[in-house]
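*Asks:* Residues 175 to 249 (my numbering) make up the sequence shown, in order.
We put the beta carbon where it would ideally sit given N, CA and C, even for glycine.
Quantities reported herein were computed from a predicted structural model and do not represent experimental measurements.
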Amino acid sequence: MGVSLKNNDVVGTIDKSIERPVRSPCVGVCALDNNDLCIACRRSGIEIGEWGVLSNDQRKDVIKKIEQRYLDDMR
175 MGVSLKNNDV
185 VGTIDKSIER
195 PVRSPCVGVC
205 ALDNNDLCIA
215 CRRSGIEIGE
225 WGVLSNDQRK
235 DVIKKIEQRY
245 LDDMR
């Protein structure tokens, strides 16, 4: 269901069912290690390059991979 907005003579609606984009895990360091993983956000070079065209579900999958990489790094 939308929420009506009125700004001057322009009326529009906001669809609250639209999912917000998953935010990039980038922290602005952007340096790849010997395994092609960023030393800061732990994404691969390919994941970094493709982030802008990934769907939210694909982005969530990348986040899960990052979480697993952090766990693996702690071993």
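(1) Among 201, 217 and 200, whose alpha-carbon lies nearest the alpha-carbon of residue 208?
(2) Cβ atoms of residue 233 and residue 203: under 8 Å apart, would you say?
(3) Specify the secondary structure class of residue 245 as computed by DSSP and reduced to three states.
(4) Tell me which same chain residues have a C-beta within less than 8 Å of the C-beta of residue 214, skipping the five on either side of it?
(5) From the DSSP secondary-structure annotation, give me the bridge partner or partners of residue 122.
(6) Near residue 198, what residues of its chain come up, given a Cβ to Cβ distance below 7 Å and the 5 sequence neighbours on each side ignored?
(7) Can you check DSSP and say which residues form a bridge with residue 206?
*Replies:* The structure says:
(1) Here residue 208 refers to the residue found at position 34 of the sequence shown. If we check each option's Cα against that of residue 208, 217 comes out closest.
(2) Taking the first residue of the sequence shown as 1, we reach residue 203 at position 29. Taking the first residue of the sequence shown as 1, we reach residue 233 at position 59. In this structure, residue 203 sits away from residue 233, with a CB-CB distance that is not shorter than 8 Å.
(3) As a first step, residue 245 is located in the sequence shown; it is residue number 71 there, counting from the start. In this structure, residue 245 counts as helix in the three-state DSSP scheme.
(4) Along the sequence shown, one-based indexing puts residue 214 at 40. Listed in chain order, the non-local C-beta contacts of residue 214 below 8 Å within the same chain comprise 200, 201, 202, 203, 204 and 205, local neighbours out to five positions each way being set aside.
(5) Only positions 175 to 249 of the chain appear in this structure, which leaves residue 122 out of reach.
(6) Here residue 198 refers to the residue found at position 24 of the sequence shown. Closer than 7 Å at the Cβ level, and outside the excluded window around residue 198, lie 225.
(7) Against the sequence shown, residue 206 aligns to sequence position 32. 212, per the DSSP bridge assignment.
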